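As given, the protein sequences belong to chains A and B, one line each in that order. 139 is the number that my numbering gives to position 136 of the first sequence; each next residue is one higher, with no gaps. 112 is the number that my numbering gives to position 109 of the second sequence; each next residue is one higher, with no gaps. In this text, a Cβ means the ideal position worked out from N, Cα and C, and glycines have one as well. On a predicted model such as this, the values are computed, not experimentally measured, just so you know. To start, the structure itself, in structure tokens.
There are 2 protein chains.
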Amino acid sequence: MTEAQAARLAMRRNEWTGYTAFRVPGYVQCNLVVLPKADAHDFLVFCQRNPKPCPLIEVTDPGDPHPSHCAPEADLRTDLARYVVYRDGVREAEVTDLVDLWREDSVGFLIGSSLTFDDALERAGVPKSKEVWVLETRLQTVPAGKFHGPLVVTMRWMTHAQAVIATQLTSRFPFNHGAPLHIGDPGIIGANLENPISGEPVTEIPEGIMPVFWACGVTPQSVALASKPGLMITHASGYGFITDLRADQFCIP
Amino acid sequence: MTEAQAARLAMRRNEWTGYTAFRVPGYVQCNLVVLPKADAHDFLVFCQRNPKPCPLIEVTDPGDPHPSHCAPEADLRTDLARYVVYRDGVREAEVTDLVDLWREDSVGFLIGSSLTFDDALERAGVPKSKEVWVLETRLQTVPAGKFHGPLVVTMRWMTHAQAVIATQLTSRFPFNHGAPLHIGDPGIIGANLENPISGEPVTEIPEGIMPVFWACGVTPQSVALASKPGLMITHASGYGFITDLRADQFCIP
């Protein structure tokens, strides 16, 4: 059994209930969105128009919870540790499985996560960031059908020299948000460090630190709040889906 | 008026009736697919599952012939020189506009074309190939809904050293088919050089020449023949849509 399979199984059995950030290195991690088929086309166009926050790794056939391309044995209803349910734009609940919520017309969207390249960054000489913050920005996504909303980013801290290496390296991962969206002053993209979606609030960036920002697959959750689809289920921020794909082999097409 | 705008206008007025290969250098060129909304979701999933032959530059809203992202002033009904109409898997007709065929539920898919990077290749020291052949292969696409069929490739001829440069350079253009799908012996991918879809038949590859193959946006035309959708319209091979996007600025996300 691979580490990816073991991790998914542990989540399925509720033995693994924590974050996936910095865990199971080497495998492509994904953000999840589940929508009824009636909303799937609009959301697919939304992803096409917003490839930085929403690079698609796989779209499942309606009703089929098994992602046949990236993890055929997996079950999207059980193999993530934590999900969030949005109804009519309200964050209704956090759940640990979708057994009762998955429908015959449910379509799963797996969106490449930047958690995928943290291991590759480390091997390239960029140590783990103190943490990976998730932040809303002033930037807007390109709308499609009912879907619209602000762009969400991740922020990592590194030295100025490491920021160059990180830009080079993550350019090889366009399906995991690709090159940084922004480097340096958070104010330029309207990222409020004192009020992150996830991570400890930051009041001051230390001397010698360059914050580096990538478009983030948590964007659909802000889109759910803004666009108010009837039902939209996502992973919880930091609780990714672990695929069978090897990160080093899943790069530029 | 830019060269791209002038080219589209000339096609709209039927003053430009020829190929776009090697023309209007510097602008992103696209392959076109037009489908009724009822088939659009399946085709969009098909493109997601086959990003090498079908990298999406834009998907239009139903009924809207204007690609607001990549060429807002353009009209997909008139601004290509030549289109092909497929009905129930039969290549029914070639037409020079879609004025009578465009419907209220028509969705346009613009797929990045490898014709985009020929100019960049030349600037990088890889002279124009003798021609750009289009060839069917033994490789199959990943199906989605009703859509399935063989993968189509383009072939360019270059020296072995130039093949390395071409691989490096085209890796920067994932929205225009990206890195080569294959280098060298055409037999390995089942490409029959004696019976190309477009280009002169080839009986022997000259000494010192390395054929280099990229996934091709003509693939949907083979998919139309194999999958037999009720109505599918495409560009004619070699007659691309010229966008306003600058090729050098539209690279890795």
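Exercise. Taking buried to mean at least 16 other C-beta atoms within 10 Å of its own C-beta, is E139(B) buried or exposed?
Worked result: The residue in question, E139(B), is buried, as its Cβ has 16 or more Cβ neighbours within 10 Å.
Exercise. With DSSP run on the structure shown, which of helix, strand or coil describes F178(A)?
Worked result: Correct three-state label for F178(A): helix.
For this session: Note down the Cα distance separating A74(A) from T246(A), rounded to an integer number of angstroms.
Result: Counting only the Cα atoms, T246(A) lies some 5 Å from A74(A).
Problem set entry | Interface partners of V167(A) on chain B, CB under 8 Å | In chain order: nothing, as chain B lies at least about 16 Å away.
Exercise. How long is the line joining the alpha carbons of G202(B) and Y242(B), rounded to whole angstroms?
Worked result: Each residue's alpha carbon lies about 13 Å from the other.
Exercise. Between which two residues does the alpha helix (DSSP H) carrying M14(B) extend?
Worked result: Annotation for M14(B): the continuous alpha helix (DSSP H) segment containing it runs 6–15.
Exercise. Between the stretch 59–68 of chain B and the stretch 105–125 of chain B, do at least 3 Cβ pairs fall closer than 8 Å?
Worked result: Three or more Cβ pairs drawn from the stretch 59–68 of chain B and the stretch 105–125 of chain B lie within less than 8 Å of each other, which places the two stretches in contact.
Exercise. Which ranges would you report for the alpha helix (DSSP H) in the stretch 19–100 of chain A if only whole runs of at least 4 residues count?
Worked result: Given a length threshold of 4 residues, each whole run of the alpha helix (DSSP H) inside the stretch 19–100 of chain A is given here in chain order: 40–52.
Exercise. Going along the stretch 34–49 of chain B in order, which residues come within less than 9 Å of chain A, judged by CB to CB distance?
Worked result: Cβ proximity to chain A below 9 Å picks out K40, A43, H44, L47, V48 from the stretch 34–49 of chain B.
Problem set entry | Spatial neighbours of K55(A) in its chain, beta-carbon cut-off 7 Å, leaving aside the 5 residues before and after | Contacts found: H180, G181, L184, A218.
For this session: Tell me S201(A)'s beta-bridge partners as DSSP assigns them.
Result: Beta-bridge partners assigned by DSSP to S201(A): V137(A).
Problem set entry | Residues of its chain near E197(A), where Cβ-Cβ distance is below 8 Å and the 5 sequence neighbours each way are ignored | Result list for E197(A): P204, V205, T206, in chain order.
Exercise. How big is the Cα-Cα spacing for T216(B) and T157(B)?
Worked result: Position check: residue 216(B) holds Phe in this sequence, whereas Thr was assumed. Per the coordinates, the alpha-carbon of F216(B) lies some 6 Å from the alpha-carbon of T157(B).
Problem set entry | Straight-line Cα distance separating G187(A) from P23(B) | With the sequence shown as reference, residue 23(B) is identified as Thr, and Pro is not the correct amino acid for it. Rounded to the nearest whole angstrom, the C-alpha separation of T23(B) and G187(A) is 42 Å.
For this session: Give a yes or no on whether 8 Å exceeds the smallest Cβ distance from L59(B) to chain A.
Result: Yes, contact with chain A.
Exercise. Three-state secondary structure (DSSP) at L184(B)?
Worked result: It is coil, neither helix nor strand.
For this session: On the DSSP bridge assignment, give the partners of G115(A) in chain order.
Result: Beta-bridge analysis with DSSP links G115(A) to C33(A).
For this session: Have a look at H163(A) and F178(A) and give me their C-alpha separation to the nearest angstrom.
Result: Near 25 Å, if we compare the C-alpha coordinates of F178(A) and H163(A).
Exercise. If you run the structure through DSSP and keep just helix, strand and coil, what is F120(A)?
Worked result: In the three-state reduction of the DSSP assignment, F120(A) falls in the helix class, which pools H, G and I.
For this session: Could you please give the first and the last residue of the uninterrupted beta strand (DSSP E) stretch that includes A229(A)?
Result: No beta strand (DSSP E) contains A229(A), which is instead part of the alpha helix (DSSP H) from 222–230.
For this session: Keeping to the same chain, check which residues put their C-beta closer than 6 Å to that of L228(B); ignore five residues upstream and five downstream.
Result: If the five residues before and after L228(B) are omitted, its C-beta is found closer than 6 Å to the C-beta atoms of G92, all from its own chain and listed in chain order.
Exercise. How many angstroms separate the CA atom of V36(A) from the CA atom of S116(B)?
Worked result: Cα to Cα, V36(A) sits roughly 30 Å from S116(B).
Problem set entry | Within chain B, the residues that V62(A) reaches when beta carbons sit closer than 9 Å | Scanning chain B for C-beta atoms nearer than 9 Å to the C-beta of V62(A) yields L47, V48, Q51, R52, A147, reported in chain order.
For this session: Check the Cβ of H72(A) against every Cβ in chain B and list those closer than 9 Å, keeping chain order.
Result: Correct list: R52, V145.
Exercise. Any C-beta of chain B sitting closer than 8 Å to the C-beta of P183(A)?
Worked result: Residue-level contact check: P183(A) does not touch chain B, since none of the beta carbons of chain B fall below 8 Å from its beta carbon.
Exercise. Can the beta-carbon of L172(B) be found less than 8 Å from the beta-carbon of L248(B)?
Worked result: Against a cut-off of 8 Å, the Cβ pair of L248(B) and L172(B) comes out as no contact.
Exercise. Are any of the Cβ atoms in chain A nearer than 8 Å to that of P177(B)?
Worked result: Chain A places a beta carbon closer than 8 Å to that of P177(B), counting this residue as a contact.
For this session: Note down, in chain order, each residue of its chain lying with its Cβ closer than 7 Å to the Cβ of H44(A), except the 5 sequence neighbours on either side.
Result: In its chain, beyond the 5 residues on either side, no residue has a beta carbon closer than 7 Å to the beta carbon of H44(A).
Exercise. Would V87(B) pass as a contact of R94(B) if the rule is Cβ separation under 8 Å?
Worked result: Yes, Cβ-Cβ distance for V87(B) and R94(B) is below 8 Å.
Problem set entry | Which listed residue (T144(A), V221(A), Q165(A)) has its alpha carbon closest to that of H3(B) | Because residue 3(B) is not part of the residues shown, which for chain B are 4 to 256, the question remains open.
Exercise. Who pairs with Q143(A) in a beta bridge, going by DSSP?
Worked result: Paired residue(s): P153(A).
Exercise. Around the Cβ of G128(A), are there at least 16 other Cβ atoms within 10 angstroms (buried) or fewer (exposed)?
Worked result: Exposed, by the Cβ-count rule.
Problem set entry | Cα-Cα separation between A84(B) and D78(B), rounded to whole angstroms | Spanning the two alpha carbons is a distance of roughly 12 Å.
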